[in-house]
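Comments concern the structure below.
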Amino acid sequence: METIEKITALRGGEFLVKDQDPMNMFIPEDYTEEQLMVKDMVNDFVDNFIIPQQTQLEKLDIELTKQLLTKAGEFGLLGTAFPEKYGGSMQDFVTNMLLTECFSKAKSFALSQGAHTGIGMLPILYFGNEEQKSKYLPTLIEGKKFAAYCLTEPGSGSDALAAKTKAVLSDDGKHYIINGQKMWITNGGFADVFVVFAKIDGEKFTGFIVERDFGGVTTGAEEQKLGIKGSSTRQVFFENVKVPVENVLGEIGKGHRIAFNILNIGRIKLGAGVLGACKLLSTQTINYANERHQFKQPISNFGAIKYKIAEQAIRTWAVESAVYRASNDIKIMEHQSLEKGEPLSKALLGAAEEYAIECAILKVWGSECLDYVVDEGLQVHGGMGYSEEAPMASAYRDARINRIFEGTSEINRMLSVDRLLKKALKGQIDMMTPAMAVQKELTGMPDMSSPEGKYGRELKMLSNMKKMFLLVAGATVQNFMTELEKEQEILIMLADVMGDIYVAESAMFRAIKLANTKGEAAAEVELNIARVYLDDAMERCSLNARRTVCAWAQGDMLKTLVMGVKRYAKYVPINSMITRRKVGEAFIEKNEYFL
Ligand SMILES: Cc1cc2nc3c(=O)[nH]c(=O)nc-3n(C[C@H](O)[C@H](O)[C@H](O)COP(=O)(O)OP(=O)(O)OC[C@H]3O[C@@H](n4cnc5c(N)ncnc54)[C@H](O)[C@@H]3O)c2cc1C
Numbered sequence: 004m005e006t007i008e009k010i011t012a013l014r015g016g017e018f019l020v021k022d023q024d025p026m027n028m029f030i031p032e033d034y035t036e037e038q039l040m041v042k043d044m045v046n047d048f049v050d051n052f053i054i055p056q057q058t059q060l061e062k063l064d065i066e067l068t069k070q071l072l073t074k075a076g077e078f079g080l081l082g083t084a085f086p087e088k089y090g091g092s093m094q095d096f097v098t099n100m101l102l103t104e105c106f107s108k109a110k111s112f113a114l115s116q117g118a119h120t121g122i123g124m125l126p127i128l129y130f131g132n133e134e135q136k137s138k139y140l141p142t143l144i145e146g147k148k149f150a151a152y153c154l155t156e157p158g159s160g161s162d163a164l165a166a167k168t169k170a171v172l173s174d175d176g177k178h179y180i181i182n183g184q185k186m187w188i189t190n191g192g193f194a195d196v197f198v199v200f201a202k203i204d205g206e207k208f209t210g211f212i213v214e215r216d217f218g219g220v221t222t223g224a225e226e227q228k229l230g231i232k233g234s235s236t237r238q239v240f241f242e243n244v245k246v247p248v249e250n251v252l253g254e255i256g257k258g259h260r261i262a263f264n265i266l267n268i269g270r271i272k273l274g275a276g277v278l279g280a281c282k283l284l285s286t287q288t289i290n291y292a293n294e295r296h297q298f299k300q301p302i303s304n305f306g307a308i309k310y311k312i313a314e315q316a317i318r319t320w321a322v323e324s325a326v327y328r329a330s331n332d333i334k335i336m337e338h339q340s341l342e343k344g345e346p347l348s349k350a351l352l353g354a355a356e357e358y359a360i361e362c363a364i365l366k367v368w369g370s371e372c373l374d375y376v377v378d379e380g381l382q383v384h385g386g387m388g389y390s391e392e393a394p395m396a397s398a399y400r401d402a403r404i405n406r407i408f409e410g411t412s413e414i415n416r417m418l419s420v421d422r423l424l425k426k427a428l429k430g431q432i433d434m435m436t437p438a439m440a441v442q443k444e445l446t447g448m449p450d451m452s453s454p455e456g457k458y459g460r461e462l463k464m465l466s467n468m469k470k471m472f473l474l475v476a477g478a479t480v481q482n483f484m485t486e487l488e489k490e491q492e493i494l495i496m497l498a499d500v501m502g503d504i505y506v507a508e509s510a511m512f513r514a515i516k517l518a519n520t521k522g523e524a525a526a527e528v529e530l531n532i533a534r535v536y537l538d539d540a541m542e543r544c545s546l547n548a549r550r551t552v553c554a555w556a557q558g559d560m561l562k563t564l565v566m567g568v569k570r571y572a573k574y575v576p577i578n579s580m581i582t583r584r585k586v587g588e589a590f591i592e593k594n595e596y597f598l
């Protein structure tokens with residue numbers, strides 16, 4: 004509550020057009036005591052119950068997975084996002100993200116737990132009627148029954164609405180008869196309750212709650228996957244399954260609302276989920292680099308290794324800053340909606356929808372951060388990295404799925420730009436005024452003055468990155484208008500500029516807030532991290548911005564835009580080699596990821 008009163012949020016996507024006071028941004032160092040208690044509780048649970056069984060769990064021991072899920076239920080860890088009346092403890096959104104982060108050390112078990120409490124149970128909470136919620140949620144929260152989510156089919160993945168599974172009303176009007184096939188269903192091997200999407204009469208895309216015991220529900224063999232081998236993934240077949248009409252979830256023909264809204268939450272959850280893995284893998288990398296000697300010294304002495312260790316920490320810390328910034332923004336908006344008297348379902352889903360741009364960015368940046376961390380972690384382990392004896396080999400395989408599910412990286416990148424343009428078109432975010440101000444500024448003399456204030460360089464860079472985006476995105480939209488959606492390469496470059504701005508700003512604001520509160524010397528590592536990330540982000544942004552305009556502009560227009568990009572890309576760089584090295588050395592000295 005204290006946090007909500009102190010911290011004010013921008014609306015979704017507004018980070019691109021408005022500057023925020025860094026002191027007003029929520030940072031992980033603002034966690035309340037209650038949030039830290041939940042963190043300790045989940046860490047203890049994972050350390051005491053999951054880690055000792057990890058080898059067995061990774062062999063896909065479904066009975067053990069079920070037992071441990073039930074144990075998590077006994078500890079109240081399956082109901083933290085659910086109201087007390089169904090047996091949950093209804094923690095705030097930030098706490099639930101923190102819980103997801105802590106669970107991620109549990110490898111495949113984290114997926115079983117996440118699919119059960121997330122995509123499996125949340126649709127019932129947010130779209131179910133009172134009867135459905137009272138019937139299904141308590142046993143799922145207790146871990147006596149388990150849930151799964153069936154959207155994907157062999158012929159429809161990214162294009163989820165092209166599903167072929169059909170539902171037909173029975174002659175007596177009491178049941179829908181469902182026929183179809185779903186694919187890649189997490190928890191498919193043991194779930195009792197399935198949230199299933201089917202088209203009524205082949206047209207109206209609708210959600211249903213289907214029990215395995217209804218009859219006609221069967222599953223295929225376990226998929227032989229690249230990684231997350233302890234997570235059950237199967238095809239689920241529905242053959243003349245009689246689903247009572249009472250089990251229609253939400254409105255008929257509005258299944259897309261369930262599917263897409265739940266995905267917004269799933270995406271930011273994935274962003275939080277990868278953080279636990281990144282921190283653990285980073286610690287394992289540092290430990291190994293300190294222990295392993297070559298050329299008569301620990302390999303952590305070498306600049307090439309320091310670079311990798313530093314970069315693991317820099318990316319992890321930057322993504323963490325952005326994940327909890329967005330989580331708290333969602334929490335504030337949910338809280339405000341509840342205060343206005345809106346029902347719980349509308350409040351959280353509305354808030355997640357408001358920040359859909361940020362959720363998509365975090366899904367992409369989080370999953371790609373983890374891939375960097377695990378890839379370079381494996382590299383630091385040398386030959387041992389390639390061995391199943393070290394933790395890196397399985398982690399390398401496990402990490403890869405994150406760029407595929409909850410919407411692939413490509414889909415999420417394009418979605419973030421699409422959402423921004425739709426918001427601008429609907430007048431929900433004013434892009435026009437700042438874009439015109441940028442155009443006007445470019446006709447005047449360049450501002451040659453040195454940035455003022457302690458963090459003037461950094462704040463000016465962030466402001467210029469936004470201007471660069473407005474310049475390039477504005478001109479590109481004007482050129483293509485509605486045809487822009489066909490130019491995917493351009494959309495992806497614009498998405499990268501947006502994501503870099505959001506994550507770099509979040510990291511820089513967090514470092515500034517920390518420096519302002521605990522003193523610059525005490526925040527030296529964090530400031531170094533944020534500055535390296537920011538300078539690199541500026542380089543990536545200017546490259547993407549230039550490539551974007553080169554993709555379509557010609558003649559004088561091209562020259563003007565390239566000059567504009569150049570003007571906003573101007574900055575005095577730090578010595579990133581030395582700064583990055585200092586970051587690496589700080590982590591090497593502590594022998595762990597310590598932030
Ligand atoms: C281990 C695992 C667990 C899963 N768990 C679940 C679950 O519990 N429930 C569930 O419903 N689903 C689940 N999925 C499915 C997952 O969500 C899909 O695999 C994912 O959405 C991608 O769909 P697809 O595999 O059909 O790939 P496709 O959609 O065929 O995509 C293939 C490639 O084409 C690209 N592509 C597709 N469309 C476009 C486009 N318009 N523009 C540009 N590029 C495009 C994609 O980005 C991708 O690179 C799971 C998948 C896996 C592997």
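In this note's numbering, the protein residues as written are 4 to 598.
Even for Gly, the Cβ is constructed at its ideal location relative to N, Cα and C.
Here the structure is a predicted model, which is why all the values come from computation and not from measurement.
Ligand 1 heavy atoms versus the CB of residue i: any closer than 7 Å?
{"i": "Ala363", "result": "no"}
{"i": "Ser111", "result": "no"}
{"i": "Phe184", "result": "Residue identity check: residue 184 is Gln in the sequence provided, not Phe. The answer is no for Gln184."}
{"i": "Leu154", "result": "yes"}
{"i": "Gln491", "result": "yes"}
{"i": "Thr411", "result": "yes"}
{"i": "Ala526", "result": "no"}
{"i": "Thr288", "result": "no"}
{"i": "Ala498", "result": "no"}
{"i": "Ala402", "result": "no"}
{"i": "Ser115", "result": "no"}
{"i": "Lys228", "result": "yes"}
{"i": "Gly160", "result": "yes"}
{"i": "Ile407", "result": "yes"}
{"i": "Ala280", "result": "no"}
{"i": "Thr189", "result": "yes"}
{"i": "Ile360", "result": "no"}
{"i": "Ala151", "result": "yes"}
{"i": "Ala118", "result": "yes"}
{"i": "Thr563", "result": "no"}
{"i": "Ile231", "result": "yes"}
Is the beta carbon of residue i sitting closer than 8 Å to the one on residue j?
{"i": "Val251", "j": "Val213", "result": "no"}
{"i": "Val480", "j": "Thr551", "result": "no"}
{"i": "Leu19", "j": "Met501", "result": "yes"}
{"i": "Val586", "j": "Val535", "result": "yes"}
{"i": "Ile302", "j": "Met100", "result": "no"}
{"i": "Lys207", "j": "Ile261", "result": "no"}
{"i": "Val246", "j": "Phe211", "result": "yes"}
{"i": "Lys627", "j": "Val506", "result": "Nothing in the structure corresponds to residue 627, since the chain is present only between 4 and 598."}
{"i": "Ala540", "j": "Val420", "result": "no"}
{"i": "Met468", "j": "Ile493", "result": "no"}
{"i": "Leu72", "j": "Phe48", "result": "no"}
{"i": "Ala325", "j": "Ser509", "result": "yes"}
Nearest to residue i by alpha carbon, out of the options?
{"i": "Pro394", "options": "Thr288, Phe193 and Leu564", "result": "Thr288"}
{"i": "Glu527", "options": "Ala572, Arg584, Val198 and Asp503", "result": "Arg584"}
{"i": "Leu365", "options": "Gln339, Gln38, Arg406 and Gln442", "result": "Arg406"}
{"i": "Phe240", "options": "Glu87, Val199 and Lys148", "result": "Val199"}
{"i": "Ala109", "options": "Asp332, Asn46, Ile127 and Leu101", "result": "Asn46"}
{"i": "Ile577", "options": "Asn547, Met464, Leu424 and Leu517", "result": "Met464"}
{"i": "Tyr596", "options": "Asp374, Ile317 and Trp368", "result": "Ile317"}
{"i": "Thr209", "options": "Asp174, Ile231, Gly230 and Cys153", "result": "Cys153"}
{"i": "Asn182", "options": "Ile203, Ile333, Asp175 and Ala165", "result": "Ile203"}
{"i": "Ala12", "options": "Ala396, Glu486, Ala329 and Met451", "result": "Ala329"}
{"i": "Gly2", "options": "Lys573, Asp216, Asp162 and Ser545", "result": "Outside the modelled stretch of the chain, which goes from 4 to 598, sits residue 2, for which no answer is possible."}
{"i": "Gly388", "options": "Cys362, Ser348, Arg295 and Ala354", "result": "Arg295"}
Using 8 Å for Cβ pairs, my map puts residue i next to residue j. What's the rounded Cβ distance?
{"i": "Leu1", "j": "Ser111", "result": "Nothing about residue 1 can be read from this structure; the chain reaches only from 4 to 598."}
{"i": "Leu352", "j": "Tyr129", "result": "6 Å"}
{"i": "Thr103", "j": "Gly276", "result": "5 Å"}
{"i": "Gly76", "j": "Ile144", "result": "6 Å"}
Could you check whether the Cβ of residue i sits closer than 8 Å to any Cβ belonging to chain B?
{"i": "Asn467", "result": "The chain inventory of the structure shown lacks chain B, comprising one protein chain alone."}
- Count the CB pairs spanning the region 151-170 and the region 217-226 that are closer than 8 Å, and state whether there are at least three. no
- Task: Tell me, please, whether the region 153-161 touches the region 93-109 by the rule of three or more beta-carbon pairs shorter than 8 Å.
- Result: no
- Query: Between the region 373-391 and the region 297-312, do at least 3 Cβ pairs fall closer than 8 Å?
  - Reply: yes
- contact_flag[the region 77-91, the region 138-154] where n(CB pairs < 8 Å) is 3 or more: yes
- Message: I'd like to know if the region 189-197 and the region 226-245 are in contact, where contact means that at least 3 CB-CB pairs between them fall below 8 Å.
- Response: yes
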